[in-house]
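Going by my numbering, the first residue of the sequence shown is number 11, and it counts up by one from there.
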Amino acid sequence: MSEIRVTKVEQGQTKIRNVPIAVTPEGFWCCPSPNVFQKSLKTQNTLNKPRTPLPTAQTPGQKKQTSVTEKRPASGAPKSGTVSDEKRGVSSDTPAVTASVPAERTPRSKTENVPKKVSIEFGEPGTSDLRVILLGKQGFTVKLNVHKNILVENSKFFANKISEQQPVFPCIEIDDCEDVEIYVETIGLMYCKELKQRLIKQSVSRVLRIIKVAEQLGFKSCMQSCLEYLEAVPWVGEEEEEKVVSSVRRLQSEGIGVIPVLKRVSSDISKPHKDTFSHILELVLKSNEERGRREMKSVVLKLLRENNCLPSSSDSVDSYNEIIYGSCRSCLDSMLILFKQAAEPEFSGNSIDSRDPVVKQMVLEADNLSWMLEILTDRQAADEFAVMWASQQELASLHTKLPIVSRHHLSCITSKLFVGIGKGELLPSKDTRNLLLQTWLQPLINDYSWLQHGCRSFDRKVVEEGIGRTILTLPLEEQQSILLSWLGSFLKSGDNCPNLQRAFEVWWRRTFVRPYAESGNSRPLNQVMTPKVTEH
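Quick look at the structure:
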């Protein structure tokens with residue numbers, strides 16, 4: 011064992027602490043523990059804090075605190091400022107022993123707030139031929155006794171520095187060192203043959219710090235080992251992934267292998283996204299496992315929403331929408347075939363085993379259509395879906411021929427369209443809106459009781475508001491036709507029919523009140539319509 015010598019200088023008083031460290035077979039230290047630096051820095055910060063004088067008076071006979079250390083050979087090296095630069099004389103097997111004798115304190119002078127200096131020394135001065143001094147922040151100094159041939163062989167930075175000065179015992183200072191701890195570790199790695207093995211069990215964040223210092227020192231073999239580590243180790247979380255990618259991309263000009271690391275987040279295949287997305291969509295739509303399908307639909311919808319927030323070309327957006335609409339048409343074709351099959355007179359007489367697959371497939375296709383409508387609505391591209399759905403007159407005509415338990419899923423899709431139009435998320439043409447109401451409002455009214463009690467996701471107030479707003483976007487004559495038809499159903503069914511009274515009131519005012527207001531006749535409608543009675 012060898013040791014680190016930690017020297018603290020405080021107003022002419024020296025405190026020395028020797029920390030044992032392991033020496034490698036190559037003749038240098040193992041990468042020191044971060045605790046050595048963190049403990050020294052923590053101690054330094056504590057010492058640098060101004061202390062409040064004690065309120066009690068001190069007696070003139072009080073003595074200063076002294077420390078007793080083992081004797082060591084005197085060093086001929088010059089001292090720099092207030093930082094001790096003594097060489098170690100402790101054997102490699104016996105660490106220095108430090109003891110302190112407490113004594114009464116004397117009043118501190120005004121210099122008590124002067125920052126204390128901390129110096130850590132590595133290596134054996136007697137066997138080294140180069141000293142590297144790292145000057146960190148807040149007076150934290152690290153001195154490394156190293157070997158020129160090792161540093162020249164591994165570091166372009168040190169090779170240039172050493173070639174510039176050739177004294178008997180050269181000294182290189184690095185000022186304003188941001189990460190002293192990692193500098194020491196990186197220089198220590200120059201003495202190691204298996205760099206990658208030294209990085210095992212290190213955290214990704216620490217390796218990123220090492221690769222940054224290695225880049226500054228021109229230590230290419232270390233940079234390559236760090237890249238091999240980053241290529242193999244998992245990255246936890248998006249923040250860590252972004253740090254790795256940005257750090258690695260910075261090294262692209264260094265002529266080292268960054269591509270294996272970047273392949274984790276990028277592909278060499280040209281334009282793979284369209285085919286990949288189509289394949290994912292097909293797998294989700296055709297899955298027969300309910301839980302897996304439901305969870306993956308939620309995941310894909312969430313990821314597509316995130317993509318919607320990113321800038322992208324119109325071509326890529328159109329290609330994705332085209333894929334989704336292709337799947338929508340396929341589902342509609344399948345749905346029509348299934349409804350025709352279920353509407354056959356002999357279908358109801360078949361066994362349950364023969365009916366169930368058809369009914370389950372109908373539910374699956376309806377769920378797929380509802381999911382893709384939600385995707386298209388988020389992408390502000392659902393207008394074409396409204397056109398497709400409004401033109402399904404044959405499917406709507408088969409609606410009444412099936413039991414409500416099988417057909418009500420279509421009314422869920424209709425409800426979503428009305429809600430979207432009512433919120434302004436869809437902007438289909440007037441003809442499309444009118445056709446949608448003419449084709450699908452009555453089937454929705456027929457299923458309304460079931461939707462209220464058998465569909466947990468159904469929100470009656472939201473749906474009714476969407477239907478009413480959709481009706482009120484039409485010309486007044488068409489509003490009247492649809493609302494009078496609704497009125498007949500509502501007066502028969504009551505709560506089993508959508509309550510469109512608010513839309514009815516708006517239509518009423520537009521029809522009976524607004525004309526008189528615009529013509530300047532301010533008489534209320536009840537006065538206009540009430541005959542005048544004269545007494546005889």
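Ideal placement from N, C-alpha and C gives every residue a C-beta, glycine not left out.
Apart from the five residues just before and just after residue i, which ones in its own chain have a Cβ nearer than 7 Å to its Cβ?
| i | result |
| --- | --- |
| tryptophan 245 | Val214, Glu251 and Val254 |
| glutamine 403 | Thr449 |
With DSSP as the reference, please indicate the residues paired to residue i in a beta bridge.
| i | result |
| --- | --- |
| leucine 140 | Val156 |
| isoleucine 290 | Bridge partners of isoleucine 290: none, in fact. |
| phenylalanine 150 | Val128 |
According to DSSP, simplified to helix, strand and coil, what is residue i?
| i | result |
| --- | --- |
| serine 467 | coil |
| isoleucine 192 | helix |
| leucine 145 | strand |
| alanine 392 | coil |
| serine 380 | helix |
| leucine 342 | helix |
| serine 77 | Low local confidence applies: a pLDDT of 37 at serine 77 is under 50, so the model's placement there is unreliable, with the coordinate-based value given in what follows. Three-state result, serine 77: strand. |
| leucine 405 | helix |
| tyrosine 201 | coil |
| threonine 387 | helix |
| tryptophan 450 | helix |
| isoleucine 210 | coil |
| serine 495 | helix |
| proline 525 | helix |
| valine 397 | helix |
| proline 367 | helix |
| valine 246 | coil |
| glycine 133 | coil |
| threonine 410 | coil |
By a C-beta neighbour count over all protein chains shown, 10 Å radius and 16 as the cutoff for buried, is residue i buried or exposed?
| i | result |
| --- | --- |
| alanine 376 | buried |
| asparagine 170 | exposed |
| lysine 502 | exposed |
| lysine 153 | buried |
| threonine 286 | exposed |
| asparagine 318 | exposed |
| lysine 307 | buried |
| isoleucine 431 | buried |
| lysine 426 | buried |
| glutamate 464 | Note on residue identity: the sequence assigns glycine, not glutamate, to residue 464. Exposed: under 16 other Cβ atoms inside 10 Å. |
| proline 270 | exposed |
| glutamate 305 | exposed |
| glutamine 207 | exposed |
| valine 309 | exposed |
| arginine 259 | exposed |
| valine 142 | buried |
| asparagine 456 | buried |
| proline 453 | buried |
| cysteine 338 | buried |
| histidine 419 | buried |
| valine 523 | exposed |
| lysine 203 | exposed |
| proline 44 | The predicted position of proline 44 is uncertain, since its pLDDT is 47 and thus under 50; a value taken from the coordinates is nonetheless stated next. It counts as exposed. |
| glutamate 356 | exposed |
| arginine 98 | Annotation note: pLDDT 34 at arginine 98 (below 50); position unreliable, coordinate value reported separately. Its Cβ being crowded by 16 or more others within 10 Å, arginine 98 is buried. |
| glutamine 175 | exposed |
| proline 525 | exposed |
| asparagine 155 | buried |
| glutamine 351 | exposed |
| threonine 442 | buried |
Between which two residues does the alpha helix (DSSP H) containing residue i stretch?
| i | result |
| --- | --- |
| cysteine 232 | 230-242 |
| aspartate 457 | Counting along the chain, aspartate 457 falls outside any alpha helix (DSSP H), and DSSP gives it neither H nor E. |
| cysteine 422 | 414-432 |
| isoleucine 172 | 166-174 |
| glutamine 262 | No alpha helix (DSSP H) contains glutamine 262, which DSSP labels as neither H nor E. |
| phenylalanine 514 | 511-518 |
| arginine 274 | It is not in any alpha helix (DSSP H) - arginine 274 carries neither H nor E in the DSSP assignment. |
| lysine 222 | 214-227 |
| isoleucine 437 | A quick correction: the sequence has leucine, not isoleucine, at residue 437. That residue, leucine 437, is in no alpha helix (DSSP H); it is neither H nor E in DSSP. |
What are the boundary residues of the beta strand (DSSP E) that includes residue i?
| i | result |
| --- | --- |
| glutamate 299 | Per DSSP, glutamate 299 belongs to no beta strand (DSSP E) and is neither H nor E. |
| aspartate 10 | Nothing can be reported for residue 10, as the shown portion of the chain is limited to 11 through 546. |
For residue i, which residues in the same chain have their Cβ closer than 6 Å to its Cβ, ignoring the five residues on either side in sequence?
| i | result |
| --- | --- |
| asparagine 331 | Ala391 |
| leucine 144 | Val152, Ile184, Cys187, Val190 and Tyr193 |
| proline 438 | Asp393 and Ala396 |
| threonine 424 | Trp450 and Leu454 |
If I measure Cβ to Cβ from residue i and keep anything under 8 Å in the same chain, skipping five residues before and after, which residues do I get?
| i | result |
| --- | --- |
| threonine 521 | Leu486 and Gln490 |
| valine 275 | Glu251 and Val255 |
| methionine 233 | Ile221, Ala224, Glu225, Leu261, Glu264 and Ile266 |
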